[in-house]
Amino acid sequence: MIYENLLVEITTEKIAIVTLNRPEKLNALNDATFDELDHCFSGLQVNDEVKCVIITGSGEKAFVAGADILELNRQNKQSGSVFSSKGQGVFNKIEQLGKPVIAAINGFALGGGCELALSCHIRYASDNAKFGQPEINLGIIPGYGGTQRLARLINVGRALELILSGRMIDAEEALKIGLVNKVFEKSELMPKTMELASGIASKSSGILGYALSATLATNSLDLQSGLDLESELFGIACGTNDFQEGTSAFLEKRKPVFRE
Ligand code: COA
């Protein structure tokens with residue numbers, strides 16, 4: 000598939016950089032972009048040359064300014080829920096990739112853009128980034144997971160304040176409420192994100208996958224079921240060559256070389 004709205008680069012360190020590339024529309028998510036994201040992440044999932052993924056936006060202003068409002072405007076009662084489910088499906092695929100996904104938020108992350116960032120596992124932002132769920136201003140509610148993931152990440156009260164007011168917040172406030180992990184000067188965002196991704200990509204991909212599965216299960220499991228899953232995956236991890244390598248390397252006072 001030839002992408003019109005995405006740029007994809009895979010580095011020698013096995014980091015995939017996926018750039019939303021509709022800068023003239025502030026990288027707004029149209030239907031074609033969702034198809035491309037779906038295809039792209041299916042490929043990244045099975046690509047052994049990829050251990051970690053970064054998602055960012057092209058241009059100076061935006062990460063993603065939301066769903067494409069031109070396409071949104073055409074929806075009706077029937078098509079609207081399909082429209083929402085399709086976006087949710089793609090964002091679920093990103094969250095459930097089995098490989099770490101980092102959002103490098105380089106500007107506006109509004110509506111679907113904020114929801115895209117929420118479906119990533121780690122969020123780094125530049126100091127000019129702006130966040131919000133402004134759907135209420137358009138007479139609609141968030142439809143790509145915002146009502147669920149935002150509430151789980153920053154708590155229900157804070158999520159409701161943003162969703163009900165449609166208020167935009169800056170990077171400093173996003174950091175304060177736990178919506179992003181770190182904020183950097185604009186020029187530092189990609190170097191710092193790459194530094195994090197390189198460190199992650201040096202770990203065992205199998206063990207990264209178990210860590211993601213166990214931790215993301217907090218979204219769907221009660222505590223005891225989550226603890227049971229943790230023990231199961233811990234046991235599976237203990238049976239791997241990378242576990243032998245990691246623990247032996249520590250005892251032999253050398254750096255581990257993970258192979259999986
Ligand atoms: N869908 C479709 N087009 C969008 C868009 C979106 N979500 N966000 C921005 N654009 C387009 C604008 O229509 C404009 O296109 P044009 O040049 O053909 O008119 C272009 O991107 C630049 O946006 P503009 O509004 O001129 O930039 P700005 O700096 O004045 O404002 C924003 C930036 C982000 C505040 C403003 O674009 C905005 O409010 N966007 C919508 C955000 C939103 O409600 N998202 C949730 C959607 S559910």
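Residue numbers for the sequence shown follow numbering that gives the first Met the number 0, beginning at 0 and rising by one. We put the CB at the ideal spot given by N, CA and C, even for glycine. Quick caveat: nothing in here was measured; it's all calculated off a predicted structure.
- For Glu8, the beta-bridge partners assigned by DSSP are Ile16.
- Annotation for Leu161: no beta strand (DSSP E) segment contains it, though the alpha helix (DSSP H) segment containing it runs Val155 to Ser164.
- Closest in alpha carbon position to Glu23, among Phe40, Ala61, Ile54 and Ala158, is Ala61.
- Assignment of beta-bridge partners to Ser125 by DSSP yields Phe183.
- Assignment of Ala66 by DSSP, reduced to helix, strand and coil, places it in the strand class.
- Between Lys191 and Asn72, the alpha-carbon positions lie close to 38 Å from each other.
- With respect to the C-alpha of Ala158, the residue from Ala66, Leu226, Asn91 and Leu117 having the closest C-alpha is Leu117.
- Shown here, Gly138 sits in coil according to DSSP, grouped into three states, outside any helix or strand.
- The alpha-carbon of Gly156 is positioned some 10 Å away from that of Ile162.
- Residue side-chain check: Asp67 places its Cβ nearer than 7 Å to a non-hydrogen atom of the ligand COA.
- Cys51: member of the beta strand (DSSP E) spanning Cys51 to Gly56, first to last residue.
- Counting along the chain, the unbroken beta strand (DSSP E) around Phe107 starts and ends at Phe107 to Leu109.
- Two segments are said to touch when three or more pairs of C-beta atoms, one from each, lie closer than 8 Å; by this definition the region 216-224 does not touch the region 176-187.
- Residue environment analysis places Thr246 among the exposed positions, since fewer than 16 neighbouring C-beta atoms fall within 10 angstroms of its C-beta.
- In this structure, Ile14 keeps its C-beta atom at 8 Å or more from the C-beta atom of Cys119.
- Gly238 and Glu229 have their C-alpha atoms roughly 14 Å apart.
- Beta-bridge partners of Ile101 (DSSP): Ile53 and Ile121.
- Annotated three-state conformation of Gly208 is helix, per DSSP.
- Contact between Ala64 and Asn26 holds: CB atoms are separated by about 6 Å, below the 8 Å threshold.
- Of all alpha-carbon atoms in Ile121, Gly205, Asn91 and Leu211, the one lying nearest the alpha-carbon of Asp47 is that of Gly205.
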